[in-house]
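Read the structure below first, then the notes.
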């Protein structure tokens, strides 16, 4: 299989896929376009663990499967951290109303 030939560290590939699935609820899809030396890893729209909706697909391009999944993992993690900060900021802005807190 061409995809297997393009995977140097299968344990890392599995780990990246598990992290993405945990953070987004989606298993990443990978397309290997060997004729042009390109690998695409992507997930569709999702709601992050922080509860923030990401309506567009998230994509990473690379020359091998591991790099594509690593790039996607880094992108999803950065979005999750931004979501957490956003949610924390929103919670911090909640002003108690006298008699209702």
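Numbering (my numbering), first residue to last: 4 to 104.
The C-beta atom is built at its ideal place from N, Cα and C for all residues, glycine as well.
All of these numbers come straight from a predicted model, not from anything done at the bench.
message: If I follow the unbroken beta strand (DSSP E) through residue 61, where does it start and stop?
response: Start and end: 61-65.
message: Measuring straight from C-alpha to C-alpha, what distance separates residue 11 and residue 34?
response: 16 Å
query: Can you give the Cα-Cα distance for residue 43 and residue 89, rounded to whole angstroms?
result: Cα to Cα, residue 43 sits roughly 29 Å from residue 89.
- prompt: Buried or exposed: residue 63, going by 16 or more other Cβ atoms within 10 Å of its Cβ?
  reply: buried
- prompt: Anyone know if the C-beta pair for residue 49 and residue 74 falls short of 8 Å?
  reply: no
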